[in-house]
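Residues in the sequence shown are numbered from 76 upward in steps of one, following the working numbering.
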Amino acid sequence: MRSDIVIIGGGAAGLMAAYGAVKALPEGSQARITVLEKMPRPGRKILFTGKGRCNFTNLKGWNDFSRHIRTNPNFVKPAFFSFTPEDMIDFLESNGLETIVERGDRAFPYSHRASDVLDTIVETVLRLGVVVLTEREVEEVAPGFSIRCTGGETFECDKLIIATGGLSYPMTGSTGDGYRWAGSFGHAITPCFPSLTALVPKGYKVLGEPDASMRAHIDRTTPMTAAGEALQGSKLKNINLTVDFGGGDVMTEFGDVDFTDGGIEGPVGFQVSRKCVKTLLNGGRVAFSLDLKPGVPVEELSARVESLWESIKNDPRTRRAKDGRGINGKEMYRILLGKLMPWELIPGFQAWNPGILKTSLRQGSWQGRFRRQPRSVYDVDLKLLASTLKDWRFEIIGFVGYERCVITAGGVSTDEVTAKTMESKKKEGLYLCGEVLDMDCDTGGYNLQCAFSTGYLAGKSAAESLGDD
Numbered sequence: 076m077r078s079d080i081v082i083i084g085g086g087a088a089g090l091m092a093a094y095g096a097v098k099a100l101p102e103g104s105q106a107r108i109t110v111l112e113k114m115p116r117p118g119r120k121i122l123f124t125g126k127g128r129c130n131f132t133n134l135k136g137w138n139d140f141s142r143h144i145r146t147n148p149n150f151v152k153p154a155f156f157s158f159t160p161e162d163m164i165d166f167l168e169s170n171g172l173e174t175i176v177e178r179g180d181r182a183f184p185y186s187h188r189a190s191d192v193l194d195t196i197v198e199t200v201l202r203l204g205v206v207v208l209t210e211r212e213v214e215e216v217a218p219g220f221s222i223r224c225t226g227g228e229t230f231e232c233d234k235l236i237i238a239t240g241g242l243s244y245p246m247t248g249s250t251g252d253g254y255r256w257a258g259s260f261g262h263a264i265t266p267c268f269p270s271l272t273a274l275v276p277k278g279y280k281v282l283g284e285p286d287a288s289m290r291a292h293i294d295r296t297t298p299m300t301a302a303g304e305a306l307q308g309s310k311l312k313n314i315n316l317t318v319d320f321g322g323g324d325v326m327t328e329f330g331d332v333d334f335t336d337g338g339i340e341g342p343v344g345f346q347v348s349r350k351c352v353k354t355l356l357n358g359g360r361v362a363f364s365l366d367l368k369p370g371v372p373v374e375e376l377s378a379r380v381e382s383l384w385e386s387i388k389n390d391p392r393t394r395r396a397k398d399g400r401g402i403n404g405k406e407m408y409r410i411l412l413g414k415l416m417p418w419e420l421i422p423g424f425q426a427w428n429p430g431i432l433k434t435s436l437r438q439g440s441w442q443g444r445f446r447r448q449p450r451s452v453y454d455v456d457l458k459l460l461a462s463t464l465k466d467w468r469f470e471i472i473g474f475v476g477y478e479r480c481v482i483t484a485g486g487v488s489t490d491e492v493t494a495k496t497m498e499s500k501k502k503e504g505l506y507l508c509g510e511v512l513d514m515d516c517d518t519g520g521y522n523l524q525c526a527f528s529t530g531y532l533a534g535k536s537a538a539e540s541l542g543d544d
């Protein structure tokens with residue numbers, strides 16, 4: 076089968092490349108644009124974005140947006156202005172999907188269903204005449220743009236766009252094929268590693284003997300310890316996370332953290348994950364410090380903890396808890412923690428900080444003719460509690476890999492791609508876009524927008540160059 080433009084990969088970048096191409100064709104053009112997608116349905120990874128709600132872009136202007144690009148922002152700039160976040164919103168709304176902008180300039184579909192975003196994109200490109208072929212796994216790309224799929228089906232084209240994504244979420248079809256094909260045309264591949272991923276504290280997972288080949292990768296399915304189970308599901312809002320990389324290299328972020336079956340995630344966890352993963356892969360050490368009360372100095376917090384403790388001890392309900400053996404200090408401690416943190420965090424906090432509540436055995440009093448029985452007495456180290464709330468420490472020993480990371484860092488070197496067109500500098504007529512490139516961003520809609528922008532520009536440039544041959 077012959078097409079004027081073939082796009083390998085039907086994800087965010089590939090679908091938007093198809094849209095950019097068809098929009099750039101002159102009116103009445105009979106040019107054929109074909110998308111080859113290896114999975115039964117295109118765009119599956121879009122369904123996972125924003126926890127299924129699809130934070131599809133971020134409306135920050137370029138100066139602020141570019142600060143969230145972790146590689147070379149100047150490379151992305153022409154693509155960004157060729158198809159801006161406002162253009163993406165216009166695209167969806169003009170095709171029937173209502174959108175909403177939330178905190179942090181993050182844009183979502185009003186329905187908060189990622190499937191609505193995907194369906195709108197796919198239906199639009201199909202309506203415009205793009206051919207989208209699913210279950211077409213490409214096996215080989217020959218230099219003359221002859222493409223052979225599994226089963227022997229072949230496609231030939233004048234312009235080829237590689238939009239295969241990276242290595243993250245391989246069950247969606249992202250298995251790194253694009254790196255091999257780009258490499259066959261002479262492109263250099265910047266080493267890849269997982270980004271925007273869960274970070275695993277020491278003691279969170281049940282680990283056997285370390286495997287040197289893993290290099291800090293801990294599969295998400297690895298069983299959790301009892302302490303990890305106690306923390307799983309907890310969410311911390313408006314905390315400070317300080318990361319110590321050793322040698323005086325420290326970074327601090329403010330925001331929200333989630334404890335999941337993978338490890339430490341959430342917006343702040345993802346924000347620091349790229350550098351943490353890179354440090355661990357290079358053999359470095361990573362330590363976390365969580366400040367649960369960033370707006371309160373430790374001295375003031377310590378005084379508050381002591382005041383709360385006194386009020387609990389003097390509460391009439393506590394007095395009624397006397398049973399002849401004294402007040403139940405363990406229960407008082409739980410009540411104290413409930414005044415200092417979300418209730419769902421208490422079991423995890425206690426499991427990870429057992430030294431705050433100290434237990435000792437004391438002889439009880441004579442009970443008539445019966446012998447004295449030992450009883451447990453609980454003492455709370457209030458100063459240690461206050462200092463831990465300000466400096467809750469974790470040693471990070473690993474990370475969740477491509478099986479569940481949001482984005483792949485590394486990829487095809489952008490030094491070998493023309494930023495104004497997304498065309499390869501190694502092979503005329505070859506274009507690359509999206510996650511296959513060495514281009515990754517923070518969480519918050521930035522990665523998807525970069526995929527849409529570079530995809531749109533690649534498709535537009537390929538279509539405009541058809542008449543040059």
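Note that the Cβ used here is the ideal one computed from N, Cα and C, for glycine as well. Bear in mind the structure is a predicted one, so any value in this text is a computation, not a measurement.
Run through the region 101-134 for me and flag every whole beta strand (DSSP E) of 3 or more residues, listed as ranges in chain order.
108-111
Relative to the C-alpha of F123, which residue among S540, K98, S536 and A189 is closest?
A189
Identity of the residue in A305, D294, F155 and K126 nearest W427 by Cα
Restricting attention to A305, D294, F155 and K126, the CA atom closest to the CA of W427 is found in A305.
T518 and L316 look like a contact to me (Cβ under 8 angstroms); what is the Cβ gap, rounded to whole Å?
Actually they are not in contact, since the Cβ atoms of T518 and L316 sit about 14 angstroms apart, beyond 8 angstroms.
Under 9 angstroms, do G283 and E510 count as touching if we go by C-beta distance?
no
Which partner residues does V332 have in the DSSP bridge list?
Paired residue(s): L311.
Note down the Cα distance separating P101 from A538, rounded to an integer number of angstroms.
9 angstroms
Tell me whether R202 is buried or exposed, calling it buried when 16 or more other Cβ atoms sit within 10 Å of its Cβ.
Exposed is the call here.
Whole-number beta carbon distance between F166 and F155, since they are thought to touch under 8 angstroms
Contact flag wrong, Cβ pair sits at about 15 angstroms.
When we look at the beta-carbon of I83 and count the other beta-carbons within 10 Å, is it buried (16 or more) or exposed?
buried
Where does I237 fall in DSSP's three states?
strand
Taking only three categories from DSSP, how would you classify V81?
If DSSP states are grouped into helix, strand and coil, V81 belongs with the strands.
Helix, strand or coil for Y185 per DSSP?
coil
What is the C-beta distance between P269 and S243, in whole angstroms, given that I count them as a contact (C-beta under 8 angstroms)?
7 angstroms
Spatial neighbours of G520 within its chain, please: C-beta separation below 7 angstroms, excluding the five flanking residues on both sides.
N130, F131, T132, N133, R181 and A182
How many angstroms separate the CA atom of R360 from the CA atom of T434?
T434 has its alpha-carbon roughly 34 angstroms from the corresponding atom of R360.
Are K277 and I471 closer than 9 angstroms when you measure CB to CB?
yes
So, using beta-carbon positions, are V492 and F150 closer together than 9 angstroms?
yes
Boundaries (first-last residue) of the beta strand (DSSP E) holding C351:
For C351, no beta strand (DSSP E) run applies; the uninterrupted alpha helix (DSSP H) run containing it begins and ends at G341 to L356, by DSSP.
Close beta carbons around Q307, own chain, < 7 angstroms, minus the five adjacent residues each side
Excluding positions up to five away in sequence, the list reads M299, F334, T335 and D336.
Could you give the residue range of the beta strand (DSSP E) that holds A257?
Segment D252 to S259 is the alpha helix (DSSP H) holding A257; no beta strand (DSSP E) there.
Where are the alpha helix (DSSP H) runs, 4 residues long or more, that stay fully inside the region 138-170, in chain order?
148-157 and 160-169
DSSP three-state label for D191, please.
helix
DSSP state of D515, grouped into three classes?
Three-state DSSP puts D515 in coil, outside helix and strand.
Give the secondary structure of A362 by DSSP, where H, G and I count as helix, E and B as strand, and everything else as coil.
strand
Just list the residues that DSSP pairs G283 with in beta bridges.
Paired residue(s): none; G283 is not in a bridge.
Using 9 angstroms as the threshold, is the C-beta distance between T274 and C351 below it?
Position check: residue 274 holds Leu in this sequence, whereas Thr was assumed. Closer than 9 angstroms, so yes.
Exposed or buried, what is G322 when buried is set at 16 or more other beta-carbons lying within 10 Å of its beta-carbon?
exposed
Report the CB separation of G534 from G95 in whole angstroms; it is logged as a contact under 8 angstroms.
3 angstroms
Looking only at DSSP bridge pairs, what is F424 linked to?
DSSP, once it has assigned bridges, lists no residue as partnering F424.
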